[in-house]
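Novice:
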Amino acid sequence: MMESVIKIGDVNIFISGENNYSERPVIIFLHESLGCTELWRDFPAKLAEKTKCNILVYDRQGHGRSDPFISDKRKNDYMEDEANTLNELMQECQIKNAILYGHSDGGTIALLAASKYPSKISGVITEAAHVFVEEVTLEGIRKAVETFHSTDLKKKLMKYHGDKTESVFYAWADKWLSDEFRNWNIEHMLPDIQCPVLVIQGEHDEYGSIKQIDAIVNQVSGPAFKYIIPYTGHTPHKKIAEEVLKRSAEFINNLK
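Numbering (the numbering used here), first residue to last: 30 to 285.
(1) Just verifying my parser: in three-state terms, what is the DSSP assignment at M119?
(2) What are the complete beta strand (DSSP E) segments, minimum 3 residues, inside the segment 63-148?
(3) Could you give the uninterrupted runs of the beta strand (DSSP E) lying entirely in the segment 218-271, keeping only those of 3 residues or more?
(4) Per DSSP, what kind of secondary structure is K184 in: helix, strand or coil?
(5) If you draw a straight line from the alpha carbon of H246 to that of K145, how long is it in whole angstroms?
(6) Can you list, in chain order, the residues of its chain with a C-beta nearer than 7 Å to that of T261? Leave out the 5 residues immediately preceding and following it.
(7) Give me the DSSP bridge partner(s) of E32.
(8) Just curious, the alpha helix (DSSP H) that S179 is in, first and last residue?
(9) For the beta strand (DSSP E) containing F198, list its first residue and its last residue.
(10) Taking contact to mean at least 3 C-beta pairs separated by less than 8 Å, is the segment 191-199 in contact with the segment 217-226?
(11) Candidates D181, I138, L284: which alpha carbon is nearest N214's?
(12) My guess is that L141 and A112 are in contact by the Cβ rule of under 8 Å, so how many angstroms apart are they, rounded?
(13) Do H190 and G93 have their C-beta atoms closer together than 9 Å?
(14) Using the three-state DSSP reduction, which class does S51 fall into: helix, strand or coil?
(15) Report back the beta-carbon spacing between S95 and N41 to the nearest angstrom; my notes put them in contact at under 8 Å.
(16) Could you tell me which of D192, S51, G46 sits nearest to E329, measuring between CA atoms?
(17) Taking 6 Å as the limit between beta carbons, can you name the residues of its chain near I84, skipping five residues before and five after?
(18) Hey, would you say R103 sits closer than 9 Å to K204, going by beta carbons?
(19) Compute the beta-carbon to beta-carbon distance between C224 and I124, rounded to the nearest angstrom, for a pair I have assumed lies under 8 Å.
(20) Going straight from the alpha carbon of F210 to that of F161, what length do you get?
(21) Give the single residue among P97, P265, D208 whose Cα lies nearest to the Cα of E235.
(22) Should I281 be labelled buried (16 or more other beta-carbon atoms within 10 Å of its own) or exposed?
(23) Would the beta-carbon of V273 fall within 9 Å of that of A253?
(24) In chain order, what residues of the same chain lie with their CB nearer than 8 Å to the CB of L167, ignoring the 5 residues before and after it?
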């Protein structure tokens, strides 16, 4: 895939993509809270092949090969800020017809972007997205903090985030576990989503319950499709990639 760095405001953002199909939409992939472009592996390219769509994958600020965070503390509405950054990225890359595929935090950002910029987005696929805080989410993050301290997780993440690893991890964990974030909720923005939405979640997601998927499906204004995957956790696109690719391609190929 072609790689580049673009400037959004004062921040250098790493992007990667393929533009093989003229007059076709661009699928933009939004990674999870500890993710980056490289961690998608070949999933984007495979979905491009199945849908004959172009693709763009990028590292949000603080992640992967993009610039580090400026501040150690995140605002409560950091994901809405990221939705605004995505809009600027689409402007910079001259993308007028996007399909968003977001995992975890990336899924939430995709929903926020579709709510705020509906004319630019023709479809959304979320995987393990959150629209409010649950105790199961907090418990999963507490376990992740223990794992970060007691295993080689930090070393594994350093392969992708380098010296930004601790800031990436604690920006996520500290914000979600803070008292000030406990009442975070974006359900009021869901009715502004007009485009079709495919909502994917593993039945045994360690970071969220089926209440998340129901809230999204029941409150968006456009067509919404629920895909709950049995015996699967937080990352279905890695654990059962072929099934997720098949369902995602069917959804995209049915978009008008």
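Ideal Cβ placement from N, Cα and C applies to all residues, glycine included.
Specialist: Looking at the atomic coordinates:
(1) helix
(2) 83-87, 127-132
(3) 226-231, 253-258
(4) helix
(5) The sequence as given places Val at residue 246; His does not occur at that position. Whole-angstrom Cα-Cα distance: 18 Å.
(6) G231, E232, H233, K268, I269
(7) According to DSSP, E32 bridges with S45.
(8) 164-179
(9) Careful: F198 lies outside any beta strand (DSSP E), inside the alpha helix (DSSP H) at 194-206.
(10) no
(11) I138
(12) With 8 Å as the limit, L141 and A112 qualify as a contact, their Cβ atoms being about 4 Å apart.
(13) yes
(14) The answer is coil: DSSP assigns S51 none of H, G, I, E or B.
(15) 6 Å
(16) With the chain running from 30 to 285 in the structure shown, residue 329 is simply not present.
(17) Cβ neighbours of I84 within its own chain (closer than 6 Å, five residues either side excluded): G46, E47, I56, P73, A77.
(18) yes
(19) Contact flag wrong, Cβ pair sits at about 15 Å.
(20) One C-alpha to the other measures close to 10 Å.
(21) P265
(22) The residue is buried, with at least 16 neighbouring Cβ atoms inside 10 Å.
(23) Their beta carbons are not under 9 Å apart, which means V273 does not touch A253 by this criterion.
(24) Result list for L167: W205, L206, in chain order.
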